[in-house]
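One structure is given below, encoded as structure tokens.
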Amino acid sequence: MATPSDGSIFRRRSLFKAAGLGAAGVAGLPVIAACSDIESGAGSTQATEGFDFLPTYKEYELPVQPDLVGEPPNHPSGFTTYPESVDGVETAEAGGEYEITVPMWGTPPSGDDPYFTALQEAWGGTKVNLRHADGNTFAQTSVQWLQANEFGDAINIFGWMTDSHPNFQETVANTFYDLTDIVKGDISDRWPLLAGEPTLSWGQSVWSTDPADPETARVFGIPQSFYGGPGNGMFVRTDLLEDAGLAMPTTVEEVLEVARQWSDGANGKWAFLGLDYVTPEWFGLASSPGWAYIDGKLVHNCERPEYTEWLEFRRTCWDEGLIHPDTPTGTLDGHALHVAGTILMSQDGISWWSDYTNQVLGGTAEGAVDPIGAIGFGGREPIRYVSKSVGGWTFFNKDLSEDQVKELLDVMNFCSAPYGTKEYELIQYGVEGTHFTYGDDGFPVRTEAGIATVQAPVNFKEMSGQVQTFLTGDPEFVQRRFEYNASVKDFAEEDIFAGLRVEGPADYKTAAQTLLDQQDDIAYGRAELSAIPDMVETFLNSGGEAAREHFTNAYNKAQGE
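Start counting at 1 in the sequence shown, then tack on 124, and there's your number in the working numbering.
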């Protein structure tokens, strides 16, 4: 998926633009939403631990043990062999029919595909129709769907998408089913896999109906998986690098030098497509929500000299023709350009590493990609952004009955099956003979139908968190990623808000969006670097300064003060 994995305000502008619903229109989702009772808010701070009403954790015994044992969460374990899959879930007969809205990057698969029929039969008969909506605009347009209660029976939302909602805390309380009384305590008899999900994941699925009253905290979401380690990366076509006689850069300065030597715009070659949400870490800037504790106070990224250095770097890359000239339009297919060799380096979600590798193995791409490691500018100690939370949630419509919720929880339980189970194999690879075959080494090899219908879409792969996640796939790739995680884990950025979910005030979100637009104007030559002080002043006066107190209170709470 060509999307960042967290809520950084340094995301691509194209992820926010509301230029129509795209695939969502095909799915029957409304373009114009009615008003709702969602309130604009002053921000909220929600604890994500210490609750006594979560599902009681009961370890799910893994059917197989990993070949590579890491140090989770930022150095996860992995499998270099493919185990014989075993049954992992007991299912009961059911016959309900539901619609779930999910993001989609690319072309939605047909709902008549055998993949969906096989899943329906495997989990007991429940029919789930997926409403695929354009992932590039999902964050913004989901605000409308939720206000109008036009998202079906459930919706799958990645965590980074919630920043587009003026007050997601209120949205959750107003819109989604309160699961607390159903999932609290020992649920292992009916939903052993949901009971086996980490307590941390369930804690991050709690919101308070009254942010001022911690006693109103309730469970509203089914957590996706918690994937440790880096969520994004700057991926380099190592084969193209080698062909040009260049080495993998180990500093920001070397990145710039490699980009200069490789780029040749006259012949359709550019080093970069985007530089907005991965590169801030190269300059030591804080990840989402963009605040760092420096000299006794919280300081926003834009107030720091490193911010100016970062924008100077981006502007240099633009002025020297190292960035694809159509990048500012937000309409380019970065994956296709990377596969074609038009761009050398591509910032992307960590899943692009395995996706590219799978395309090479399937014969639809050439070469190889690897991410740049932990690097710093000007000789500074590097930092590496790592995942801080579950990837997102599945939320149920508050209008469902309790029996309907329980039937959907049966499906979620099925989707939580770990590597080594037949359920995992079906969800991840599809139907043998149609979507995949077993290679000589015993690993599943996706067919063209499997790539289009199962691998590319989100589908059910992120519907509910696996009880434990591993590095899986091509053995060589797993080994490379295992070693990469080991090489960067000691540079993991400290989470200064650990144990909390902090949602900034609505004015702050608007100011941050304006700042994002303005910094892109500078990066793409539409404004001058001399405008930075005015940008910072505008940000602070429009919501940034007021938000400092909010985030400071949250920081103090996280530090136990």
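Just so it is clear, CB atoms sit at the ideal spot from N, CA and C, and this is done for glycine as well.
Hey, Thr362 and Ile499 are a contact pair by Cβ (cut 8 Å); roughly how many whole angstroms apart? To locate residue 362, count along the sequence shown from 1; it is residue 238. To locate residue 499, count along the sequence shown from 1; it is residue 375. That pair is no contact at about 16 Å.
Identify which residue in Glu173, Gly353 and Pro347 has its Cα closest to the Cα of Glu195. For the purposes of this step, residue 195 is taken as residue 71 along the sequence shown, with counting starting at 1. Glu195 has its Cα closest to that of Gly353, out of Glu173, Gly353 and Pro347.
4 or more residues per run - each alpha helix (DSSP H) lying fully within the stretch 495 to 546: 526 to 539
Is DSSP giving Lys393 helix, strand or coil here? By one-based count along the sequence shown, residue 393 stands at place 269. Note: Lys393 maps to strand in three-state DSSP.
Can you check whether the CB of Ser288 is closer than 9 Å to the CB of Phe275? Here the question's residue 275 lines up with position 151 in the sequence shown. Here the question's residue 288 lines up with position 164 in the sequence shown. Against a cut-off of 9 Å, the Cβ pair of Ser288 and Phe275 comes out as no contact.
If you count every other CB in all the chains shown that lies within 10 Å of the CB of Pro128, and 16 or more means buried, which is it? The residue you call residue 128 lines up with position 4 of the sequence shown. Annotation note: pLDDT 48 at Pro128 (below 50); position unreliable, no value reported.
Rounded straight-line distance, which links the Cα of Val493 to that of Val150: As a working mapping, residue 150 is identified with position 26 in the sequence shown. As a working mapping, residue 493 is identified with position 369 in the sequence shown. Here the model assigns Val150 a pLDDT of 30, short of 50, so the residue's position is not dependable, and the following value carries that caveat. About 34 Å.
Would you check if the stretch 570 to 588 and the stretch 619 to 636 touch, i.e. whether three or more CB-CB distances between them fall below 8 Å? no
Helix, strand or coil for Trp247 per DSSP? The count along the sequence shown starts at 1 and reaches residue 247 at position 123. Coil, per DSSP.
Just checking my contact of Gln348 with Glu185 at CB under 8 Å: how many whole Å lie between their CB atoms? Here the question's residue 348 lines up with position 224 in the sequence shown. Here the question's residue 185 lines up with position 61 in the sequence shown. Between Glu185 and Gln348 the Cβ distance is about 22 Å, and since that is not below 8 Å, they are no contact.
Coarse secondary structure for Phe407, derived from DSSP in three states: Numbered from 1 along the sequence shown, position 283 holds the residue referred to as residue 407. Three-state result, Phe407: helix.
Integer-rounded CB distance, given that Trp247 should sit under 8 Å from Phe519: On the sequence shown, residue 519 is found 395 positions in, with the first residue counted as 1. On the sequence shown, residue 247 is found 123 positions in, with the first residue counted as 1. With a Cβ gap of about 20 Å, Phe519 and Trp247 do not count as contacting.
Using 9 Å as the threshold, is the C-beta distance between Gly357 and Trp269 below it? Against the sequence shown, residue 357 aligns to sequence position 233. Against the sequence shown, residue 269 aligns to sequence position 145. No.
Is it buried or exposed for Ser168, if we count other Cβ within 10 angstroms and need 16 for buried? As a position in the sequence shown, residue 168 is number 44, starting the count at 1. That one is buried.
Starting from Phe359, follow its DSSP beta bridges and name the residues at the other end. Position 235 of the sequence shown, counting from 1, holds the residue named residue 359. Ser470 and Pro495.
Asn291, DSSP secondary structure in three states: In the sequence shown, residue 291 corresponds to position 167, counting from 1. Residue state, collapsed to three classes: coil.
As a quick exercise: from Trp326, Pro657, Met536 and Pro322, pick the residue whose alpha carbon is nearest that of Trp315. On the sequence shown, position 191 is the one that residue 315 refers to. For the residues Trp326, Pro657, Met536 and Pro322, the minimum Cα distance to Trp315 belongs to Met536.
Which ranges would you report for the alpha helix (DSSP H) in the stretch 282 to 340 if only whole runs of at least 4 residues count? 292 to 299, 304 to 307, 316 to 319 and 323 to 327
How close, in whole Å, do the beta carbons of Ala216 and Asp534 come, if the pair is a contact with beta carbons under 8 Å? As a position in the sequence shown, residue 216 is number 92, starting the count at 1. As a position in the sequence shown, residue 534 is number 410, starting the count at 1. Contact holds; Cβ gap of about 7 Å.
Supposed close pair Gln616, Arg508 - CB separation, criterion 8 Å: Position 492 of the sequence shown, counted from the start, is the residue given in the question as residue 616. Position 384 of the sequence shown, counted from the start, is the residue given in the question as residue 508. It is worth fixing the name first, because residue 616 is Ala in this sequence and not Gln. Confirmed, about 6 Å.
If we call anything under 9 Å between Cβ atoms a contact, is Glu531 one with Ala218? Against the sequence shown, residue 531 aligns to sequence position 407. Against the sequence shown, residue 218 aligns to sequence position 94. Yes, the Cβ-Cβ distance between Glu531 and Ala218 is below 9 Å.
Alpha carbon to alpha carbon, what distance is there between Gly345 and Pro495? Walking along the sequence shown from the start, residue 495 turns up at place 371. Walking along the sequence shown from the start, residue 345 turns up at place 221. Each residue's alpha carbon lies about 32 Å from the other.
In chain order, each alpha helix (DSSP H) run of at least 4 residues that lies wholly inside the stretch 599 to 673: 599 to 612, 630 to 647 and 656 to 663
In the DSSP output, which residue or residues are listed as bridge partners for Thr169? If you number the sequence shown from 1, residue 169 lands on position 45. BP columns for Thr169 point to Val626.
Going by DSSP, what residue range makes up the beta strand (DSSP E) through Thr561? Translated into the one-based positions of the sequence shown, residue 561 becomes position 437. Its beta strand (DSSP E) spans residues Phe560 to Tyr562.
Residue from Glu405, Glu673, Gly649 and Phe359 with nearest C-alpha to Pro506: The residue given as residue 506 occupies position 382 in the sequence shown. Residue Glu405 is the option with its Cα nearest to Pro506.
Of the listed residues Asn273, Leu317 and Ile224, nearest to Gln592 (C-alpha basis): Within the sequence shown, numbered from 1, the residue matching residue 592 stands at position 468. Measuring from the Cα of Gln592, the nearest candidate turns out to be Leu317.
Taking the alpha carbon of Gln293 as the point to measure from, which residue in Val343, Ala383 and Asn425 has its own alpha carbon closest? Position 169 of the sequence shown, counted from the first residue, corresponds to residue 293. Checking every option, the nearest Cα to that of Gln293 belongs to Val343.
Of the residues Asn391, Trp434 and Leu468, which one's Cα is nearest the Cα of Leu409? As a first step, residue 409 is located in the sequence shown; it is residue number 285 there, counting from the start. It is Trp434 whose Cα lies nearest to the Cα of Leu409.
For Phe567, collect the residues of the same chain with a Cβ closer than 6 Å to its Cβ; drop the 5 residues on either side in sequence, then sort them by chain order. Taking the first residue of the sequence shown as 1, we reach residue 567 at position 443. So the list reads Tyr206, once near-sequence residues are dropped.
Considering Gly345, what are the terminal residues of the beta strand (DSSP E) in which it resides? Looking up residue 345 in the sequence shown gives position 221. Per DSSP, Gly345 belongs to the beta strand (DSSP E) from Gly345 to Pro347.
Selection from Leu365, Tyr401, Leu380 and Ile447 that minimises the alpha carbon distance to Ala392: Translated into positions along the sequence shown, residue 392 becomes position 268. Here residue 392 is Gly; the residue named in the question, Ala, does not match the sequence. If we check each option's Cα against that of Gly392, Ile447 comes out closest.
What's the gap between the Cα of His256 and the Cα of Met228? The residue labelled residue 256 in the question sits at position 132 within the sequence shown. The residue labelled residue 228 in the question sits at position 104 within the sequence shown. For His256 and Met228, the distance between alpha carbons rounds to 5 Å.
Does the distance from the C-beta atom of Ile474 to that of Tyr351 stay below 9 Å? Here the question's residue 474 lines up with position 350 in the sequence shown. Here the question's residue 351 lines up with position 227 in the sequence shown. The answer is yes: Cβ separation under 9 Å.
Member of Phe594, Ser666, Lys512 and Ala610 whose CA lies at the smallest distance from the CA of Leu624: Position 500 of the sequence shown holds residue 624. Checking every option, the nearest Cα to that of Leu624 belongs to Lys512.
How long is the line joining the alpha carbons of Ser209 and Glu556, rounded to whole angstroms? Working through the sequence shown from its first residue, we reach residue 209 at position 85. Working through the sequence shown from its first residue, we reach residue 556 at position 432. If I take the Cα positions, the gap works out to 13 Å.
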